[in-house]
Amino acid sequence: MKTRIAVLVSGGGTNLQALLDAEAAGKIPHGEIAMVISNVPGAYALTRAKQAGVPAAVIDRKACGSLAEFEEKLQAILELDGIDMIILAGFLCILSENFTKKWSNRILNIHPSLIPAFCGAGFYGLRVHAAALTRGVKLTGATVHLVNGVPDGGPILLQKAVEVLPGDTPEILQRRVMEQAEWVLLPQAAELWAEKLASAQ
Ligand code: GRF
């Protein structure tokens, strides 16, 4: 019995694409990407899901009066589709403690730094890499962690280091971290955790 995975997205979906490509290459044998859900209408990640033939849904966070309303709609779709595990892939909405408790140990997130560096509230996207460059670190990277009520605070599953090079801009560094770390780690973590949940079923 494969672990049914929902991937939550907000933007370009390059991490989703890495997951889809890994699944197609047979690298996630214990899981199946059953659903893609975006909180942003028109996110290019939705196009990637369509191209891969994966069902997708939009829950427009801005159209929801509250986070609670958003999470109610999210929970309904996840239950309807028999989802076992959630992966946050470039998903920019902070989920409530109530929701993450309900899905305790079943939500993975990819963060573009070596947690505990450059993480927590306000650290997302290019801001993470700008902060790393400002601090002058020689190594950064990406982290996959379990999600709890604290932004980027859950137990760490996998990390991969990436060199910071002279002349790096936030954009150049982001691309290197994505290519060398995020797109490698997320499929590995998806299989690791899908197998763990499948064996626990
Ligand atoms: C990237 O900054 C990535 O590091 C983070 O979310 C952003 C967009 O990712 N996880 P994606 O291309 O939408 O997967």
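Positions in the sequence shown are counted from 1; adding 6 to them yields the working numbering. Virtual Cβ for every residue (Gly too), placed ideally from N, Cα, C.
Query	Result
LEU84 burial status per 10 Å Cβ neighbour count (16 or more: buried)	buried
Identified DSSP bridge partners for HIS117	THR149
Whole-angstrom distance between ALA136 and LEU198, CA atom to CA atom	31 Å
Helix, strand or coil at ILE83 according to DSSP, with G and I counted as helix	helix
Cβ-heavy atom distance, LEU118 to the ligand GRF, below 7 Å	Before going on, a small fix: residue 118 reads as Pro here, not Leu. Flag set: Cβ of PRO118 near the ligand GRF.
Anticipated Cβ contact below 8 Å, SER16 with ALA49, distance rounded	6 Å
PRO193 classed as buried or exposed, judged by whether at least 16 other C-beta atoms fall within 10 angstroms	buried
Per DSSP, cross-strand counterpart(s) of GLN165	THR149
Counted within 10 angstroms of its Cβ, other Cβ atoms place VAL156 as buried (16 or more) or exposed	exposed
Extent of the continuous beta strand (DSSP E) run through GLU38	37 to 44
Beta-carbon contacts of PRO176 that lie in its chain and below 7 Å, excluding the five residues immediately before and after	LEU132, HIS135, ALA136 and LEU139
Buried versus exposed call for SER119 [16 or more other C-beta atoms within 10 Å across all chains shown]	buried
Meets three-Cβ-pair contact criterion under 8 Å: the segment 106 to 122 and the segment 161 to 173	yes
Minimum length 3: unbroken beta strand (DSSP E) runs contained in the segment 8 to 68	9 to 15, 37 to 44 and 62 to 64
Reference ALA30; option with closest CA among GLN57, MET7 and SER44	GLN57
Given 8 Å, three or more beta-carbon pairs between the segment 26 to 46 and the segment 83 to 98	yes
Counted within 10 angstroms of its Cβ, other Cβ atoms place THR146 as buried (16 or more) or exposed	buried
Cβ neighbour criterion (16 or more within 10 Å) applied to ASP158	buried
Any non-hydrogen atom of the ligand GRF within 7 Å of GLY17 CB	yes
Neighbourhood of CYS99 by C-beta, 6 Å cutoff - its chain only, sequence neighbours within 5 removed	ASN45 and ARG67
Top-ranked residue by Cα proximity to LYS108, from LEU86, GLY128, GLN81 and GLN23	GLN81
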